[in-house]
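*Asks:* Would you mind keeping the following structure in view while I ask a few things?
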Amino acid sequence: MTDNTPQNSLTLLGLGDMGTALARTWLAAGHRPTVWNRTAAKAEVLAAEGAVTAASPAEAVAANRLVVVCLLDDASVGSALDGIDLTGKDIVNLTTGTPAEGRARAAWAEARGARFVDGGIMATPTMIGVPEAGGYVFYSGSRALFDTHRATLEVPAGARFVGEDPGHAALHDVALLSAMYGMFAGVSHAYALTEGEDIAPEDLAPLLSEWLGAMGFFIGNAAERLTSRDFTSGVVSNLAMQVAGSGTLLRTAEEQGVSAELISPYLELMRSRLTADPAAHGGEDTAGAITLLKR
Ligand code: NDP
Numbered sequence: 003m004t005d006n007t008p009q010n011s012l013t014l015l016g017l018g019d020m021g022t023a024l025a026r027t028w029l030a031a032g033h034r035p036t037v038w039n040r041t042a043a044k045a046e047v048l049a050a051e052g053a054v055t056a057a058s059p060a061e062a063v064a065a066n067r068l069v070v071v072c073l074l075d076d077a078s079v080g081s082a083l084d085g086i087d088l089t090g091k092d093i094v095n096l097t098t099g100t101p102a103e104g105r106a107r108a109a110w111a112e113a114r115g116a117r118f119v120d121g122g123i124m125a126t127p128t129m130i131g132v133p134e135a136g137g138y139v140f141y142s143g144s145r146a147l148f149d150t151h152r153a154t155l156e157v158p159a160g161a162r163f164v165g166e167d168p169g170h171a172a173l174h175d176v177a178l179l180s181a182m183y184g185m186f187a188g189v190s191h192a193y194a195l196t197e198g199e200d201i202a203p204e205d206l207a208p209l210l211s212e213w214l215g216a217m218g219f220f221i222g223n224a225a226e227r228l229t230s231r232d233f234t235s236g237v238v239s240n241l242a243m244q245v246a247g248s249g250t251l252l253r254t255a256e257e258q259g260v261s262a263e264l265i266s267p268y269l270e271l272m273r274s275r276l277t278a279d280p281a282a283h284g285g286e287d288t289a290g291a292i293t294l295l296k297r
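Per this note's numbering, the sequence shown runs over residues 3 to 297.
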């Protein structure tokens, strides 16, 4: 049964894999979204499931105050909304972008009389509408908009509001993704090292998971050190020792015929921190090397 009262009515622009997953969870929750997609066939599939289809982005935007946008990139958002009257609209942009794109898009929308919130989706389409999967969305920008539509926004996935700077949803999103790729790089290197040996990937997998879980303490430890700027108290694995040990990692890669390209940048960063002032930094935690990254 659908309930298209203003409290739960919304427009959705973009029915790719993610937009379609979002639309289906709103439909399942009793909303009747108005949908638009550049390739109309994808909207027709949703129409058969109960969505209202719009022939153009302008028609879709006119249908509801809340307009959720989930397109490929910021350029596609610009082209889809170009020239459309946004006065009085509440725009929630779930399209992945950079912090600067989020801020610029917010200013662009506000100049056209709309309220704006940017979002960063921390989930794959299969996690949308599945609370136990743990996916959620970072939101930032207009707190008033977020509070008005929070219940609707929480239907597909959990909502985490991270402040009124419209760039901060994207910044949180990208920070977490960047950390993820660092982990992927390390795991990829580990599998490459053991490939061709009598060590099955299936046997290494639980050891890697266990070890990375145990080493997760670095996250909170580094946060405390960055805040206090104390990189030396209570250090049990000092930088000088770690830089000396990094030679073993590089020689092992060479022995195994594996490129060290995925791990050498971090090892090099530690070495740079040490060689800048061995007496000052040799006893530090590796978190001190973070200070070298800011340009
Ligand atoms: P898809 O590639 O499946 O869909 C892209 C969507 O953007 C389609 O609706 C496409 O329309 C539309 N589009 C592309 N270019 C234009 C344009 N110039 N004008 C109008 N519409 C355009 O991507 P997803 O749905 O997976 O992703 C959508 C957003 O969600 C992206 O920003 C992505 O980064 C983000 N996201 C996706 C995740 C995922 O795992 N899929 C995870 C987290 C975030 P058409 O159908 O006509 O091609």
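Glycine included, each C-beta is placed from N, C-alpha and C at the ideal position.
Just so we're clear, the structure is a prediction, and the values are computed from it rather than from any experiment.
Find the nearest neighbour of Thr293 within the set Gly259, Leu264, Thr229, Ala242, judged by alpha-carbon distance.
*Replies:* Thr229
*Asks:* Does Ala281 pass the burial test, meaning 16 or more other C-beta atoms within 10 Å, or should it be called exposed?
*Replies:* exposed
*Asks:* Taking only runs of the beta strand (DSSP E) that begin and end inside the region 11–48, which ones reach a length of at least 3 residues, in chain order?
*Replies:* 13–15, 36–38
*Asks:* If I measure Cβ to Cβ from Val237 and keep anything under 7 Å in the same chain, skipping five residues before and after, which residues do I get?
*Replies:* The beta carbon of Val237 sits closer than 7 Å to the beta carbons of Gly285, Glu286, Asp287 from its chain, once the five residues preceding and following it are set aside; these are given in chain order.
*Asks:* Use the C-beta contact count for Pro267: other C-beta atoms within 10 angstroms, 16 or more gives buried, fewer gives exposed.
*Replies:* Burial check for Pro267: the Cβ neighbour count within 10 Å stays below 16, so the residue is exposed.
*Asks:* Where does Thr293 fall in DSSP's three states?
*Replies:* helix
*Asks:* Nearest-angstrom Cα distance between Ala56 and Gly115?
*Replies:* Roughly 22 Å separates the two Cα atoms.
*Asks:* By a C-beta neighbour count over all protein chains shown, 10 Å radius and 16 as the cutoff for buried, is Pro35 buried or exposed?
*Replies:* buried
*Asks:* Is Asp19 close to ligand 3? I mean its beta-carbon at under 6 Å from any heavy atom of the ligand.
*Replies:* Ligand 3 is absent from the structure shown, which contains only ligand 1.
*Asks:* Using beta-carbon positions only, say whether Pro168 and Asp92 come within less than 7 Å of one another.
*Replies:* no
*Asks:* Within the present structure, is the beta-carbon of Arg40 separated from the nearest heavy atom of ligand 1 by less than 6 Å?
*Replies:* For ligand 1, at least one heavy atom lies less than 6 Å from the Cβ of Arg40.
*Asks:* Are Asn39 and Leu68 close, meaning C-beta to C-beta below 7 Å?
*Replies:* no
*Asks:* Do Met272 and Val245 count as a contact pair if the criterion is CB distance below 7 Å?
*Replies:* yes
*Asks:* On a CA-only basis, which of Lys44, Val79, Ala289, Glu166 is nearest Gly222? Give me that one, please.
*Replies:* Ala289
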